[in-house]
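Data block below; observations after.
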């Protein structure tokens, strides 16, 4: 699911968004990390920065990259010593938001004939 504001940016500023996405792709390819490691790192950065939308987005992308739900939960829990327990709990809620939606979507898809 791509958030509406992101889609609107694509509609209104296509060249800008193409450049932004190319920059992001180049950053991901600039080192030795595999796709799962990149996804978990970006999730951790979003959590550390306190970005709800970023955490949701990078949790979804981590699942798409093949990360397991417990790996996402672990990243959130690892943040506690650095950003504090209450802040970690908030981030963990954001991760759980995505995991709950992903599980519901998977359940719906497996029930369809």
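In the UniProt record's numbering, the protein residues as written are 1 to 113.
Note that the Cβ used here is the ideal one computed from N, Cα and C, for glycine as well.
| How many Å lie between residue 104 and residue 17 at the Cα? | Position 104 of the chain shown, counting from 1, holds the residue named residue 104. Position 17 of the chain shown, counting from 1, holds the residue named residue 17. Taking the straight line joining both Cα atoms gives about 30 Å.
| query | Is the CB-CB distance between residue 98 and residue 73 below 8 Å? | reply | Stepping through the chain shown from its first residue, residue 98 is reached at position 98. Stepping through the chain shown from its first residue, residue 73 is reached at position 73. Contact: no.
| Secondary structure of residue 91, DSSP reduced to three states | By one-based count along the chain shown, residue 91 stands at place 91. Correct three-state label for residue 91: helix.
| query | By Cβ distance below 7 Å, which residues in the same chain neighbour residue 40 in space, the five residues on each side in sequence not counted? | reply | Along the chain shown, one-based indexing puts residue 40 at 40. Cβ neighbours of residue 40 beyond the five flanking positions: 62, 67, 71, 75.
| query | For residue 58 versus residue 42, is the C-beta spacing smaller than 8 Å? | reply | Taking the chain shown and counting its residues from 1, one reaches residue 58 at position 58. Taking the chain shown and counting its residues from 1, one reaches residue 42 at position 42. Yes, they are a contact pair.
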